[in-house]
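Take -12 as the starting number for the sequence shown in our numbering and just add one per residue.
The beta-carbon is built from N, C-alpha and C at its ideal position, and this holds for glycine as well.
To start, the structure under review is shown below, and the notes come after it.
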Amino acid sequence: MKNRRKYIMFLMLTGILSLLTGCESNSNLGKEISAAVGNTAMGVAIVFFILIFLSFFISLFRFIPIIQEKLQRKQKETQGEKEGVIEKTSVFEEENMVDDLELVAVITAAIAAAEGTRPDQYIVRSIRKVRRRK
C-alpha cells in the first residue's frame, strides 16, 4: 500500500515536471531534472548579481550630501556676484551690531551667574571669534 502511494506521487510529480518544463513524456527524467537545476542556478545567479548591484548603488548615497553642498556653494557664489557688494556689507554690519549687544548681555549674565555676583560689575571691552579647524 505504501509503495503504491509512493509510485502514484512519483508519477504525479513527473507529470507536473513535464508540463512545467515542456518536455515530452518519453524523454529521460534525468534530463528534465538537470534542466530544472540549470534554471534554478540561473535564477539564483541573477538574483545574486542584482543584490550586489543594489548594494553598490546604495553605497553611493553617502556622496549625495557632498554634491548638494557643492551645488549650494555655487548658487550662493552666483547670487553674491549678482547682488551688489555695498548692499551686502551694509546689511551685515547692522546685523552684527544688534547681535553683538545681545551677545555681550548673554556673556555678562553667564559670567555673573557662574561667579555668583551681579552683572553690572563686569565690563566687556571686545569680543573676538576664535577660528578652530574641525
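8 angstroms Cβ shell around residue i - same chain, five flanking residues per side excluded
| i | result |
| --- | --- |
| L47 | none |
| R105 | A99 |
| I114 | D87, L90, V91 and I94 |
| E81 | Low confidence applies here, because E81 scores a pLDDT of 49, under 50, leaving its location unreliable; read the following figure in that light. So the list is empty, once near-sequence residues are dropped. |
| T27 | none |
C-alpha gap between residue i and residue j, whole angstroms
| i | j | result |
| --- | --- | --- |
| R(-8) | L0 | 12 angstroms |
| F36 | F44 | 12 angstroms |
| I94 | G103 | 14 angstroms |
| R49 | E64 | 24 angstroms |
| A22 | I51 | 45 angstroms |
| I20 | K(-11) | 25 angstroms |
| G30 | L(-2) | 26 angstroms |
| R119 | Y109 | 27 angstroms |
| I132 | F40 | Residue 132 lies beyond the stretch modelled for the chain, which goes from -12 to 121, so this question has no answer here. |
| A32 | L38 | 10 angstroms |
| V24 | Q62 | 57 angstroms |
With 16 other Cβ atoms within 10 Å as the buried cut-off, status of residue i
| i | result |
| --- | --- |
| Q59 | exposed |
| D107 | exposed |
| R112 | exposed |
Range covered by the alpha helix (DSSP H) that runs through residue i
| i | result |
| --- | --- |
| K18 | L16 to S46 |
Residues near residue i in its chain [Cβ-Cβ closer than 6 angstroms; skip 5 each side]
| i | result |
| --- | --- |
| S42 | none |
| A96 | P106 |
Own chain, CB closer than 7 angstroms to residue i, minus 5 neighbours either side, in chain order
| i | result |
| --- | --- |
| L16 | T1 |
| A101 | none |
| V78 | The predicted model places V78 with a pLDDT of 45, which falls under 50 and marks its position as unreliable, so this point remains unresolved. |
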